[in-house]
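**Q** Residue numbering for the sequence shown is 622 to 1061, as defined by the working numbering.
Just so you know, even glycine gets a beta-carbon here, dropped at the ideal spot from N, CA and C.
The structure displayed is predicted, hence computed values, not measured ones.
Dumping the structure here so I can ask a few things about it.
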Amino acid sequence: MSDSDATKRRRTVFWVVALSAISLVFDGYDLVVYGTVLPILLDDPSHLGAISPQQGGALGSYALIGVLVGALAAGTFGDLVGRRRIMLLNLAWFSLGMAFTAMTTSVMLFGIGRFFTGIGVGALVGTVGAIVAEFAPTHQRNRLNAIVYSGIPAGGVLASLLALALTDVIGWRGLFWIGAVPIVTVLPLALMKLPESAQWLASRGRHEQARAVADRTGMQLLPETGSTGGRVGFPALATRALAWPTMLLGTMSFAGLLLTYGLNTWLPEIMGASGYGESYSLAFLLVLNGGAIVGGLLASAWADRTGAKRVVSTTFVLAAITLALLPLDLPLVVLLLAVAVAGTGTIGTQVLIYGLVSNYYPTRARGAGVAWCAGFGRLGGIGGPVIGGLLVGAGLGGMAAFYIFAGIALLAALVTMLVPRPAHETAHEATAQVGQPEPV
């Protein structure tokens, strides 16, 4: 590769990673901002009407149902029409959903706004992993995916900080209006700087366009690995080589997102009921998501050296241990440390799962594979807030949720160990054994 191409490639990768990460910051913001305003909506019926804990959990899940729809739609169309179009469309969609939610005056309209917003979120989450995997250098894929998907917990940190600083000034509606900012900031920048994937163009037989994009961006066109029998998108996931790992990867994402959404929705309320004031309760969210960012990035560097599967199983075990410790009467410093490690083992683990999934599939099925895991995983995300709401509403004590979450994390670690090696890794080894050059 010439120096000119190397410079173009670095610039291209920078913009792809930066725009993808910033987009997911607002996914994380949407996730956590609801948890920060939920106590306000539960305590004061003048905002939307009376809301029970069970309704609060259901409202937290409406966005996740939308995410499921959006992710599956992105998987259906992303491998057919391209990653760039899906990303641009849903940056606008998400922003409009947040603006609508900020203006609602009833529980029903609020739920509709959450669902509508979730569609845009799901499509973004189901798209960025595929596009980053096709631009990232092979030896940095886990790290760059972790940087991008760390936008989700970073958005959680942003929501926590803004809620602490601005709730009394702009109210819960103002916090949702902040979520509409991407339509006037990120979207125009993405229109100018985000390229289509040359790898995707080549996989669709558009070779002249692919070469033109590769020349302009400094990217190399790599040979397609992994057999899909000529199938594209979701039909490729049903092939013999991909069906079993797709089920396992979806189950891992289900568990990871159940833990992520369950904790982010109910941690402030549970800690508040345990005697911690509002500022402390929001601080727990900040520590949870901050631990996810730091731990996820460190774990991703480890994953690039040893493989993502081993790291994901380890961090799931860490989650199980720390979640089981949270109900204990721990000193505040120890409790905060346990929450930070739990953030690494739950939200941080989900970041690693996205990286594992993004690099597992061939180009023809990559968008569908990422979208499937994001979409099916959100069924777990729907269950997380509901579990917390049912336990709190039944008077069993929110702390009981931590034990349930710990058991789920342990089971997820076992599922992770069953995932077979990707077909392209096996193909590379077989090629090397007969003395031929190994594909890049």
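How far does the alpha helix (DSSP H) with residue 841 in it extend, from its first residue to its last?
**A** Careful: residue 841 lies outside any alpha helix (DSSP H) and carries neither H nor E.
**Q** Just list the alpha helix (DSSP H) runs in the segment 850-892, keeping only unbroken ones of 4 residues or longer that don't cross its boundaries, in chain order.
**A** Within the segment 850-892, the complete alpha helix (DSSP H) runs of at least 4 residues are 855-858.
**Q** Distance, Cα to Cα, residue 675 vs residue 696?
**A** When rounded, the distance between both Cα atoms is 32 Å.
**Q** Once the 5 residues before and after residue 723 are set aside, which same chain residues still bring their CB inside 6 Å of it?
**A** Excluding positions up to five away in sequence, the list reads 794, 797, 798.
**Q** I'd like the list of long-range same chain contacts for residue 812, defined as Cβ closer than 7 Å, with 5 residues on each side in sequence excluded.
**A** Only 709 meet the Cβ criterion.
**Q** Going residue by residue through the segment 923-947, where are the continuous alpha helix (DSSP H) segments of at least 4 residues, counting only ones entirely within it?
**A** Listed in chain order, they are 929-946.
**Q** Classify residue 1037 as helix, strand or coil using the three-state DSSP reduction.
**A** Helix, per DSSP.
**Q** Hey, residue 660 and residue 893 are a contact pair by Cβ (cut 8 Å); roughly how many whole angstroms apart?
**A** Yes, residue 660 and residue 893 are in contact; Cβ-Cβ is about 7 Å, under 8 Å.
**Q** So, helix, strand or coil for residue 632, using DSSP?
**A** In the structure shown, residue 632 sits in a helix (DSSP, three-state: H, G or I).
**Q** Tell me, to the nearest whole angstrom, how far the beta carbon of residue 751 is from that of residue 991; I am working on the premise that it is less than 8 Å.
**A** The pair is a contact, with the Cβ atoms about 5 Å apart (cut-off 8 Å).
**Q** Go through the segment 727-759 residue by residue and report every complete run of the alpha helix (DSSP H) that reaches 4 residues or more, in order.
**A** Complete alpha helix (DSSP H) runs here, min 4: 728-756.
**Q** Can you tell which of 908, 971, 1007, 994 has the C-alpha that lies nearest to the C-alpha of residue 959?
**A** Closest by alpha carbon: 908.
**Q** Under the rule that 16 or more other beta-carbon atoms within 10 Å means buried, what is residue 983, buried or exposed?
**A** With 16 or more other Cβ atoms within 10 Å, it is buried.
**Q** To the nearest angstrom, how far is the alpha carbon of residue 879 from that of residue 703?
**A** So the two alpha carbons sit approximately 29 Å from each other.
**Q** For the segment 647-657 against the segment 774-784, are there 3 or more C-beta pairs whose distance is under 8 Å?
**A** Yes, the segment 647-657 is in contact with the segment 774-784.
**Q** For residue 981, is the classification buried or exposed, using 16 other Cβ atoms within 10 angstroms of its Cβ as the cut-off for buried?
**A** Looking at its Cβ environment, which holds 16 or more other Cβ atoms inside 10 Å, residue 981 is buried.
**Q** When the Cβ atoms of the segment 959-971 are set against those of the segment 904-920, are three or more pairs found closer than 8 Å?
**A** Output reads yes: the segment 904-920 touches the segment 959-971.
**Q** Can you give me the Cβ contacts of residue 938 inside the same chain, cut-off strictly under 6 Å, excluding the 5 residues immediately before and after it?
**A** If we look at residue 938 and ignore the five residues flanking it on each side, its Cβ neighbours are 1034.
**Q** Considering only C-alpha positions, which residue in the set 664, 897, 927, 911 is nearest to residue 760?
**A** Here the closest residue by C-alpha is 927.
**Q** Please identify the residue among 995, 834, 852 whose C-alpha is closest to the C-alpha of residue 875.
**A** Selected option, being the one with the closest Cα: 995.
**Q** Between the C-alpha atoms of residue 789 and residue 905, what's the straight-line distance to the nearest angstrom?
**A** If I take the Cα positions, the gap works out to 19 Å.
**Q** As a quick exercise: from 644, 834, 998, pick the residue whose alpha carbon is nearest that of residue 809.
**A** Residue 644 is the option with its Cα nearest to residue 809.
**Q** Assuming the contact rule is C-beta atoms closer than 8 Å, residue 741 and residue 711 should be a hit. Round their C-beta distance to whole Å, please.
**A** Contact flag correct, Cβ pair sits at about 4 Å.
**Q** Could you work out which residue in 630, 1008, 1002 is closest to residue 815 when comparing CA atoms only?
**A** Answer by Cα proximity: 630.
**Q** Look at residue 718 and residue 748 and say whether their C-beta atoms are less than 8 Å apart.
**A** For residue 718 and residue 748, no; Cβs fall outside 8 Å.
**Q** As a quick exercise: from 837, 891, 774, pick the residue whose alpha carbon is nearest that of residue 881.
**A** The candidate whose alpha carbon is nearest that of residue 881 is 774.
**Q** Is residue 817 helix, strand or coil when you go by DSSP?
**A** Here residue 817 sits in coil by DSSP.
**Q** When you compare only the Cα positions, how much space is there between residue 818 and residue 657?
**A** Distance between the alpha carbons of residue 818 and residue 657 is about 37 Å.
**Q** Measuring alpha carbon to alpha carbon, tell me which residue in 945, 1043, 961, 929 is nearest residue 914.
**A** Comparing Cα-Cα distances from residue 914 to each of 945, 1043, 961, 929, the minimum goes to 961.
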